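Peer 1: In the working numbering, the protein residues as written are 324 to 589.
Positions of the beta carbon are idealized from the N, C-alpha and C atoms, including for glycine.
Since the structure is predicted, the reported quantities are computational estimates derived from the model, not experimental observations.
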Amino acid sequence: MGSATREALASSKLALEALPESALTLSTGEDLFAAGRIIGESAQFRGLLGDPSTEPSEKRALISAVFANRLGADALSLLTAITTAHWSTPDELLAGIEEIALRVIATTAPADVSIEAELFSFGAAVSSDAGLELAIGSSLGTPQAKVSLINALLEGKASEQTAVIVRHLVQQPRGRRIAELLGNAANIVADASNQSIAFVTSASPIAPAQLDRLRSALGRSYGRELKINQIVDPSVLGGLRVQIGDDVIDGSIEARLNDLRQKLAG
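1) Taking the beta carbon of residue 549 as the centre, do at least 16 other beta carbons fall within 10 Å, making it buried, or is it exposed?
2) For residue 351, does the three-state DSSP call read helix, strand or coil?
3) Going by the CB atoms, is the gap between residue 523 and residue 565 shorter than 7 Å?
4) Using the Cβ count rule (16 or more neighbours within 10 Å means buried), how would you classify residue 469?
5) Could you please give the first and the last residue of the uninterrupted beta strand (DSSP E) stretch that includes residue 552?
6) Would you identify the three-state DSSP class for residue 512, choosing helix, strand or coil?
7) Output the boundary residues of the beta strand (DSSP E) element that contains residue 520.
8) Tell whether a beta-carbon distance below 7 Å holds between residue 521 and residue 459.
9) Do residue 669 and residue 325 have their C-beta atoms closer together than 7 Å?
10) Among the candidates 434, 433, 498, whose CA atom is the shortest distance from the CA of residue 461?
11) Is the separation between the beta-carbon of residue 419 and that of residue 516 shorter than 7 Å?
12) So does residue 408 have its beta carbon nearer than 6 Å to some heavy atom of the ligand SAM?
13) If you draw a straight line from the C-alpha of residue 338 to the C-alpha of residue 400, how long is it?
14) Only counting the same chain, and skipping five residues up and downstream in sequence, which positions put a Cβ closer than 6 Å to that of residue 505?
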């Protein structure tokens, strides 16, 4: 992420925080997702909005001309704030629109709904089924077919917030695999709630008491509440691999063996 993008994302978050609570609705998030897809479909449009040399007034005029009659007022206001900022690349602009949409949707979840947990569960189900992963991730499938598949898979099993997010992700993957798409979305949703997600991989299920100790230790280290998503992968052989954002703590036997092999080969 370039410095311009960091500043643009920060200003976009401020625009989000400035909105009244009544503006933070699921439809506002859906509108932003839809706008991001429209922008992403046109290389020229995307290039103009992502070009730092394009004047903010020109960007505002473009956004108004294309979206004034397509988006709700709150989504249009947010989209204008996002696109008039200076992003390092057009693709990072799309990522910024997606992140702000995710943050909006995160605020709309009922107290008894964990969007990040639902995203994690769906990702685990997809990863365990090669045929399903191919159907969702293949570039050969149409967006409409993927949306229909997602609707069938999630109906009655996930919140509308999660369904909206997954439907968008499969329509605009931007070169990312489904596991990366869902993991990134879950991290942003958790961050919007001032939490972080620790993905913990082990060869077998971890006892609840051990998970509680791990959660407490990681929470003290990172200075914030952490949610633990456990992944069982026999290939790690033993030990734990913990990933929090870009940080990876790999204490698995698999990692130790790989390290030993590299030392012997060197």
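Peer 2: The short version:
1) Counting from 1 along the sequence shown, the entry for residue 549 is found at position 226. By the neighbour-count rule (16 or more Cβ atoms within 10 Å), residue 549 is buried.
2) Position 28 of the sequence shown, counted from the first residue, corresponds to residue 351. Three-state result, residue 351: helix.
3) As a position in the sequence shown, residue 565 is number 242, starting the count at 1. As a position in the sequence shown, residue 523 is number 200, starting the count at 1. It is a contact, given that the beta carbons lie within the stated cut-off.
4) As a working mapping, residue 469 is identified with position 146 in the sequence shown. Residue 469 is buried by the Cβ-count criterion.
5) Residue numbering aside, residue 552 sits at position 229 when the sequence shown is read from its first letter. Here the beta strand (DSSP E) through residue 552 covers 548 to 555.
6) Within the sequence shown, numbered from 1, the residue matching residue 512 stands at position 189. In this structure, residue 512 counts as helix in the three-state DSSP scheme.
7) Walking along the sequence shown from the start, residue 520 turns up at place 197. Per DSSP, residue 520 belongs to the beta strand (DSSP E) from 518 to 525.
8) As a working note, residue 521 is residue 198 in the sequence shown. As a working note, residue 459 is residue 136 in the sequence shown. Result no, Cβ atoms of residue 521 and residue 459 do not sit closer than 7 Å.
9) With the chain covering only 324 through 589, there is no way to say anything about residue 669.
10) Taking the sequence shown and counting its residues from 1, one reaches residue 461 at position 138. It is 498 whose Cα lies nearest to the Cα of residue 461.
11) Taking the sequence shown and counting its residues from 1, the one referred to as residue 419 is at position 96. Taking the sequence shown and counting its residues from 1, the one referred to as residue 516 is at position 193. Not in contact: residue 419 and residue 516 (Cβ atoms no closer than 7 Å).
12) The ligand SAM is not among the ligands present in this structure, which contains no ligands whatsoever.
13) Start at 1 with the first residue of the sequence shown, and residue 338 comes out as number 15. Start at 1 with the first residue of the sequence shown, and residue 400 comes out as number 77. Each residue's Cα considered, the two are about 9 Å apart.
14) For the purposes of this step, residue 505 is taken as the residue at position 182 of the sequence shown. The answer, listed in chain order, is 442, 446.
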